[in-house]
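Novice:
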Amino acid sequence: MTTPTSHLRFKDLLLESVAALLSRPLRSVLTCLGTIMGVGTLVGVVGLTTTAQAQVSARFDALAATTVTVEDHHTKERVFTPATAEKVLGQVNGVTAVGYSWPISEVETIQATPTARPVTSTRVTAVSSGLFDAVEAEVSSGRVLDPFHDNAKLPVAVLGQLAADRLGISDVSTQPAILLDNRPFTVIGIITATQRRPELLSEVLIPAETALTIYPEPEGGGNNAATMLITTRAGAAQQVAQEVPWAISPQDTGQVSVAPPPDPRSLRESVNRDLSTLLLILAGVCLFIGAVGIANTTLVAVMERVPEIGLRRSLGARPIHIFGQIITESAMLGTLGGLIGATVGIFVVLIVSLTQHWAPVMDPWLALLAPLLGLVVGALAGLQPSWQASRIQPTEALRR
Numbered sequence: 005m006t007t008p009t010s011h012l013r014f015k016d017l018l019l020e021s022v023a024a025l026l027s028r029p030l031r032s033v034l035t036c037l038g039t040i041m042g043v044g045t046l047v048g049v050v051g052l053t054t055t056a057q058a059q060v061s062a063r064f065d066a067l068a069a070t071t072v073t074v075e076d077h078h079t080k081e082r083v084f085t086p087a088t089a090e091k092v093l094g095q096v097n098g099v100t101a102v103g104y105s106w107p108i109s110e111v112e113t114i115q116a117t118p119t120a121r122p123v124t125s126t127r128v129t130a131v132s133s134g135l136f137d138a139v140e141a142e143v144s145s146g147r148v149l150d151p152f153h154d155n156a157k158l159p160v161a162v163l164g165q166l167a168a169d170r171l172g173i174s175d176v177s178t179q180p181a182i183l184l185d186n187r188p189f190t191v192i193g194i195i196t197a198t199q200r201r202p203e204l205l206s207e208v209l210i211p212a213e214t215a216l217t218i219y220p221e222p223e224g225g226g227n228n229a230a231t232m233l234i235t236t237r238a239g240a241a242q243q244v245a246q247e248v249p250w251a252i253s254p255q256d257t258g259q260v261s262v263a264p265p266p267d268p269r270s271l272r273e274s275v276n277r278d279l280s281t282l283l284l285i286l287a288g289v290c291l292f293i294g295a296v297g298i299a300n301t302t303l304v305a306v307m308e309r310v311p312e313i314g315l316r317r318s319l320g321a322r323p324i325h326i327f328g329q330i331i332t333e334s335a336m337l338g339t340l341g342g343l344i345g346a347t348v349g350i351f352v353v354l355i356v357s358l359t360q361h362w363a364p365v366m367d368p369w370l371a372l373l374a375p376l377l378g379l380v381v382g383a384l385a386g387l388q389p390s391w392q393a394s395r396i397q398p399t400e401a402l403r404r
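For the working numbering, count along the sequence shown from 1 and bump the result up by 4.
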């Protein structure tokens, strides 16, 4: 007499798997947590990365793409003067502001009063009045330098916020003075922020023409070379960089070196590659953690269900049926975790974007693929427990 072969329809397999999961709701929920965290983190990281990429691009277009830096390489005479700055501003199309500066290394002591201890980590820099427009400086007290201070060669100074804190000056309404190598300079303003050249916030800034009456001219090249900062309209920086040497020194354009902004497309590609690499690493770690969680919980569940599995085998269930049920349960848990994780990840992106005043940017395919990804992770995580469950023999199981 031939023993009939048992069969398990796909519909019955799904119903059995759902019933098994619902019989242990708390365990099913806890098992899903790994996938929820993994897929949720993946969706959140991808969404925030995409949103951040958009913000980086916008920030680059607003600042870096509108900035040109020129360095003085002269060996005989000054290249950067008020006249050359006005020439660049007036003759080169697309220029919105021009300023130049150089560090004054000859200053040895900076004091708030003759008896005060000299401050450290503070540098004196000679600047033209146009530099404040070029860096878009914000003033908390007083004012910044203007052409009058340069032309009159007045002994005045503007302090960056950090330099002002070190010198103990918070307000300039009383016209406080500082001493540079015992030479008094009246402080006329304090700047608290800049869009460019943030190092200015820790420096003492004096008029360029005033500096030339006291200190030597800046040397061409090297750390003390004079640099000119030029801001342009959006999209004009590359063209301005080509024209500036001819406007400053048409007889010898080699006296200056120009550093135009990098090509926006190449910079975006570089940023995208860096962020994509970080994304792949984080996503892989998150999904691995989720898979390990499902595999571990499923394996424990199999060990607890050995008597049940043995009974099913004794009633005619084949190893493939046991394997199919366990892996289906694992895949269902992964799919459920993927759905919930995608929802959580999307909400995280929306909340972070809202608090940071960003425009959220997300790929709609990500939300659709997340449950499928959860299913794949769940199925892979359930392979080993399913295989182990399918090897359980009825006689051994019923002895336990």
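Note that CB positions come from ideal geometry on N, CA and C, so glycine has one too.
(1) What first and last residue would you give for the alpha helix (DSSP H) that runs through I355?
(2) Going by the beta-carbon positions, is the gap between G345 and I40 smaller than 7 Å?
(3) Mind reading off the beta-carbon distance from I350 to G51? Whole number of angstroms is fine, and I expect it under 8 Å.
(4) Leaving out five residues on either side along the sequence, give the residues of the same chain with a beta carbon under 8 Å from the beta carbon of T117.
(5) Can you give me the start and stop residues for the beta strand (DSSP E) that V365 sits inside?
(6) Of all the beta strand (DSSP E) runs that stay within the bounds of the segment 175-199, which reach a length of 3 or more residues?
(7) Can the beta-carbon of H153 be found closer than 7 Å to that of V143?
(8) CA-CA distance, L372 and V289?
(9) In or out: M5 buried (at least 16 other Cβ within 10 Å) or exposed?
(10) Report the residue ranges of all beta strand (DSSP E) runs contained in full by the segment 102-181; include only those spanning at least 3 residues, in chain order.
(11) If distances are taken between C-alpha atoms only, which option among S125, T88, G314 comes closest to E203?
(12) Within its chain, find whatever has a CB closer than 7 Å to the CB of P122; leave out the 5 residues flanking it on each side and keep chain order.
(13) Tell me where the beta strand (DSSP E) around T214 begins and ends.
(14) Between the C-alpha atoms of S261 and F136, what's the straight-line distance to the nearest angstrom?
(15) Go ahead and label V304 buried or exposed: buried means 16 or more other beta carbons lie within 10 angstroms of its beta carbon, across all protein chains shown.
(16) Return helix, strand or coil for L233, following the three-state DSSP convention.
(17) With DSSP collapsed to three states, give me the class of L376.
(18) With a cut-off of 8 Å on the beta carbons, I'd call I330 and T35 a contact; round off their distance for me.
(19) Find out if the Cβ-Cβ distance for the pair R147, I192 is shorter than 7 Å.
(20) Using CA coordinates, which residue listed in V96, A101, S177, F189 is at the minimum distance from Q243?
(21) State buried or exposed for Q165, treating a residue as buried only when at least 16 other CB atoms are found within 10 Å of its CB.
(22) Which value, in whole angstroms, describes the spacing of the CA atoms of A212 and S132?
(23) Answer yes or no: do T129 and L209 have a C-beta to C-beta separation smaller than 7 Å?
(24) Would you identify the three-state DSSP class for V262, choosing helix, strand or coil?
(25) For I326, is the classification buried or exposed, using 16 other Cβ atoms within 10 angstroms of its Cβ as the cut-off for buried?
(26) If I measure Cβ to Cβ from L291 and keep anything under 8 Å in the same chain, skipping five residues before and after, which residues do I get?
(27) Which whole-angstrom value is the C-beta distance of A383 and A321, which I expect to be below 8 Å?
Specialist: Let me spell this out:
(1) If you number the sequence shown from 1, residue 355 lands on position 351. According to the DSSP assignment, I355 belongs to the alpha helix (DSSP H) that extends over 323-360.
(2) To locate residue 345, count along the sequence shown from 1; it is residue 341. To locate residue 40, count along the sequence shown from 1; it is residue 36. Yes, the pair counts as a contact, with Cβ atoms nearer than the cut-off.
(3) The residue labelled residue 350 in the question sits at position 346 within the sequence shown. The residue labelled residue 51 in the question sits at position 47 within the sequence shown. Right, their Cβ atoms sit about 7 Å apart.
(4) Mapped onto the sequence shown, residue 117 falls at position 113. Counting only Cβ-Cβ distances below 8 Å, and skipping sequence neighbours, we find L183.
(5) Residue mapping note: residue 365 aligns to position 361 of the sequence shown, counting from 1. Following the DSSP letters along the chain, one finds V365 in no beta strand (DSSP E), marked with neither H nor E.
(6) You should have 181-184, 187-197.
(7) Taking the first residue of the sequence shown as position 1, residue 153 is located at position 149. Taking the first residue of the sequence shown as position 1, residue 143 is located at position 139. Going by C-beta atoms, H153 is not nearer than 7 Å to V143.
(8) Within the sequence shown, residue 372 is the residue found at index 368, counting from 1. Within the sequence shown, residue 289 is the residue found at index 285, counting from 1. Annotation: L372 to V289 spans about 21 Å, alpha carbon to alpha carbon.
(9) By one-based count along the sequence shown, residue 5 stands at place 1. Reliability fails at M5, whose pLDDT of 43 lies under 50, so the model's placement of it is uncertain and no value is given.
(10) Correct list: 127-131, 142-146, 160-164.
(11) Residue numbering aside, residue 203 sits at position 199 when the sequence shown is read from its first letter. Nearest C-alpha to E203 among S125, T88, G314: S125.
(12) Here the question's residue 122 lines up with position 118 in the sequence shown. T113, I114, Q115.
(13) Locating residue 214 in the sequence shown gives position 210, counting from the first residue. That residue, T214, is in no beta strand (DSSP E); its alpha helix (DSSP H) goes 212-218.
(14) Stepping through the sequence shown from its first residue, residue 261 is reached at position 257. Stepping through the sequence shown from its first residue, residue 136 is reached at position 132. Cα atoms of S261 and F136: separation of roughly 22 Å, rounded to the nearest angstrom.
(15) As a first step, residue 304 must be located in the sequence shown, where it is residue number 300. Flag for V304 reads exposed.
(16) Numbered from 1 along the sequence shown, position 229 holds the residue referred to as residue 233. Shown here, L233 sits in a strand according to DSSP, grouped into three states.
(17) The residue labelled residue 376 in the question sits at position 372 within the sequence shown. DSSP, read as helix, strand or coil, puts L376 in helix.
(18) The residue you call residue 330 lines up with position 326 of the sequence shown. The residue you call residue 35 lines up with position 31 of the sequence shown. Going by Cβ atoms, the distance from I330 to T35 rounds to 12 Å, so no, they are not a contact pair.
(19) Position 143 of the sequence shown, counted from the start, is the residue given in the question as residue 147. Position 188 of the sequence shown, counted from the start, is the residue given in the question as residue 192. Closer than 7 Å, so yes.
(20) For the purposes of this step, residue 243 is taken as residue 239 along the sequence shown, with counting starting at 1. When only C-alpha atoms are compared, the closest one is V96.
(21) Against the sequence shown, residue 165 aligns to sequence position 161. Answer is buried; the Cβ neighbour count reaches 16.
(22) Against the sequence shown, residue 212 aligns to sequence position 208. Against the sequence shown, residue 132 aligns to sequence position 128. Distance between the alpha carbons of A212 and S132 is about 5 Å.
(23) What you label residue 129 is simply residue 125 of the sequence shown in a count that begins at 1. What you label residue 209 is simply residue 205 of the sequence shown in a count that begins at 1. For T129 and L209, yes; Cβs fall inside 7 Å.
(24) Looking up residue 262 in the sequence shown gives position 258. V262: strand per DSSP, three-state reduction.
(25) As a position in the sequence shown, residue 326 is number 322, starting the count at 1. Looking at its Cβ environment, which holds 16 or more other Cβ atoms inside 10 Å, I326 is buried.
(26) Position 287 of the sequence shown, counting from 1, holds the residue named residue 291. Closer than 8 Å at the Cβ level, and outside the excluded window around L291, lie G42, V43, L46, L377, V381.
(27) Position 379 of the sequence shown, counted from the first residue, corresponds to residue 383. Position 317 of the sequence shown, counted from the first residue, corresponds to residue 321. Not quite, the Cβ-Cβ distance comes to about 20 Å (not below 8 Å), so this is no contact.
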